[in-house]
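In the numbering used here, the protein residues as written are 436 to 797.
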């Protein structure tokens, strides 16, 4: 059976269980998950309409050739600029019942549809599709793991080059170049923080040049065949500042505690707590200012979110980050992040790069 058709059938069965008649997805990661097409969002309406009877794709007529990889089970319905796309889209919906809508649909499209088809009720498709997407299959896990290793190789190549005197932006640019060389389809800037900037968890890369004795935090990823990489390492350029080694090893202990706590059936909140209590007992709880982690796949941030408020149990096939941190304003910060996949025997790291404290010679 076609890979994406199987996913759509699984989704349709879940829709039926929820009493939902049909679903609409605009170009998004959900769209990609269900069709294999990474169609970008645009001003003109493009929509995937799914029901138990059909799978249809409404697209502008002049874009028909952009989805050549779609399987034959999806009916392509083109429209011209002189057509009313909302009228066509509403005609593809059922005459009664509930329609699930992907969360990335533009508000103007949804509001127009609701006005045009006021006889329907509406719900968010996330409640149906998210539980399916959370459980990664072996193919998805392999792609994420491959992407992680590609990003690690790029970082190792960077660390063999001169760093002192180069700015954060210059290093980020070089890392982007190296990741593309390793085979990523696309990459972002990532986070390259140095010195006191490492105390900002989501630092925006600056023109600060690196100096001897600096802490260097690198948080990078990239997209490979639709799937994402994401990991963080914190290094020292030469002699570390006072107290850094102690902080580093507290964060490392928290990371390992979070990994050990991750088991099938254990809640995300319990995993967050296992790591957070290590930092709290060391007296730095107020300096760990974000959740422990997030799911990853076609989106860099997706369920399950490893946070103190998430009581949902983890499942085999979940892939998520474990990234505790301590951030001391004006001094330095430490974050250590791996991606973990939950298997029958617990969590396995998809990273191979050492998490031991690494001092870069300068």
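Backbone N, C-alpha and C define an ideal beta-carbon position, used for all residues, glycine too.
{"Asked": "Length of the line joining the Cα atoms of residue 755 and residue 570", "Found": "11 Å"}
{"Asked": "Rounded straight-line distance, which links the Cα of residue 474 to that of residue 628", "Found": "33 Å"}
{"Asked": "Contacts around residue 525, its chain only, beta-carbon distance under 8 Å, and the 5 residues preceding and following it disregarded", "Found": "548, 551, 552"}
{"Asked": "Residue 757 vs residue 772 beta-carbon contact at 8 Å", "Found": "yes"}
{"Asked": "Proximity winner among 727, 684, 762, relative to residue 696 (alpha-carbon distances)", "Found": "727"}
{"Asked": "Beta-carbon proximity list for residue 486, same chain, < 6 Å, skipping 5 on both sides", "Found": "457"}
{"Asked": "Distance between beta carbons of residue 531 and residue 690, contact taken as under 8 Å", "Found": "With 8 Å as the limit, residue 690 and residue 531 do not qualify as a contact, their Cβ atoms being about 52 Å apart."}
{"Asked": "Residue 638 to residue 632 span [Cα, whole Å]", "Found": "7 Å"}
{"Asked": "Own chain residues within Cβ distance below 8 Å of residue 745, not counting five before or after", "Found": "702, 703, 704, 707, 739"}
{"Asked": "Residue environment, residue 541, which counts as buried when at least 16 other CB atoms sit within 10 Å", "Found": "exposed"}
{"Asked": "Nearest neighbour of residue 495, chosen from 609, 520, 643, 659 [CA to CA]", "Found": "520"}
{"Asked": "Alpha-carbon to alpha-carbon, residue 467 and residue 436", "Found": "Low per-residue confidence applies at residue 436: pLDDT is 47, beneath 50, and the placement is therefore not dependable enough to give any value."}
{"Asked": "Residues near residue 720 in its chain [Cβ-Cβ closer than 8 Å; skip 5 each side]", "Found": "711, 714"}
{"Asked": "Same chain, Cβ closer than 7 Å to residue 647, five either side skipped, listed in chain order", "Found": "599, 672, 673, 797"}
{"Asked": "CB contact flag (residue 625, residue 610, <8 Å)", "Found": "yes"}
{"Asked": "Per-residue DSSP class, three states only, for residue 782", "Found": "strand"}
{"Asked": "First and last residue of the uninterrupted beta strand (DSSP E) at residue 553", "Found": "Taken as a continuous stretch (DSSP letters only), residue 553 belongs to no beta strand (DSSP E), as it is neither H nor E."}
{"Asked": "Entirely enclosed beta strand (DSSP E) segments - the segment 712-790, minimum 3 residues", "Found": "728-730, 737-741, 754-757, 760-763, 767-770, 773-778, 781-784"}
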